[in-house]
Amino acid sequence: MEWTNEQLIETARVVAKYEGEKAAQLLNELATRFDCALAATRTACAQRDALAAENAGMKSKLMFWDAESPEAPYDTPEEIAEAWALNYNEEIEVQVAARLPNRVYRVCESWDQQCKLELVDGVDVQTPATDAFLAEVRAQGVEMVTYRLKQFIDDGDFVGDEVPLIAGCIDVAADMAAQIRQGAAL
Numbered sequence: 011m012e013w014t015n016e017q018l019i020e021t022a023r024v025v026a027k028y029e030g031e032k033a034a035q036l037l038n039e040l041a042t043r044f045d046c047a048l049a050a051t052r053t054a055c056a057q058r059d060a061l062a063a064e065n066a067g068m069k070s071k072l073m074f075w076d077a078e079s080p081e082a083p084y085d086t087p088e089e090i091a092e093a094w095a096l097n098y099n100e101e102i103e104v105q106v107a108a109r110l111p112n113r114v115y116r117v118c119e120s121w122d123q124q125c126k127l128e129l130v131d132g133v134d135v136q137t138p139a140t141d142a143f144l145a146e147v148r149a150q151g152v153e154m155v156t157y158r159l160k161q162f163i164d165d166g167d168f169v170g171d172e173v174p175l176i177a178g179c180i181d182v183a184a185d186m187a188a189q190i191r192q193g194a195a196l
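Each residue of the sequence shown is one higher than the one before, counting from 11 in our numbering.
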């Protein structure tokens, strides 16, 4: 008989009711951790699938040119190699661009040799899964600094007036990590 993950978790919790206190605690703890690990795995798989879909979408918009003769685009580099009848181990330089609609921008601010533009017509490429993934990585980086500062306080590395200041920085960093995540969700 092959059991599902959910059946294993539920069985461990049922068996825990009939075991001694220590064994019951252990079984319940294992079931809880397995359940959490399963949820985290499902979330990671969903994120992976979303990133893969975005990646495939972006790759499907690519077009290629022979760098030496860029008159017409090709759908794949293989088409260029076939058109030039290349032999084994020969190399060809290929230029790559994305097939995206043209965009119209307007200069909304200008100073010295710099400009700020706004999109007037067309669409920017949207990559919400990638944006969310990168926001999570950034937020985790901020949290790593927060964790390290907490360790310094716990270890007594800061003294006197420094402790409240560092504790305030920890609070600001925790808020910043939450804002980074929230910004990606908008």
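Cβ atoms here follow ideal geometry from the backbone N, Cα and C, with glycine treated the same way.
A contact is defined here as three or more CB-CB pairs under 8 Å, and the region 55-73 meets this definition with respect to the region 127-145. Under DSSP, F74 shares a beta bridge with Y84, V106. Here E12 carries a coil assignment [DSSP, helix/strand/coil].
Under a 10 Å Cβ-count criterion, V182 is classified as exposed, with fewer than 16 other Cβ atoms of the shown protein chains found around its own Cβ.
A residue is called buried when at least 16 other Cβ atoms come within 10 angstroms of its Cβ; L96 does not meet this threshold and is exposed.
In this structure, A187 places its C-beta atom within 7 Å of the C-beta atom of V152.
Around the beta carbon of A26, a 10 Å sphere encloses 16 or more other beta carbons of the protein chains shown; the residue is thus reported as buried.
The region 61-72 makes no contact with the region 37-45: fewer than 3 CB pairs, one atom from each, lie closer than 8 Å.
Looking only at T86, E29, A82, S79, the smallest Cα-Cα distance to L72 is reached by T86. In the three-state scheme derived from DSSP, where H, G and I count as helix and E and B as strand, K126 is classed as strand. Rounded to whole angstroms, the separation of the alpha carbons of A50 and Q124 is 45 Å.
Looking only at K69, S70, V104, the smallest Cα-Cα distance to A82 is reached by V104.
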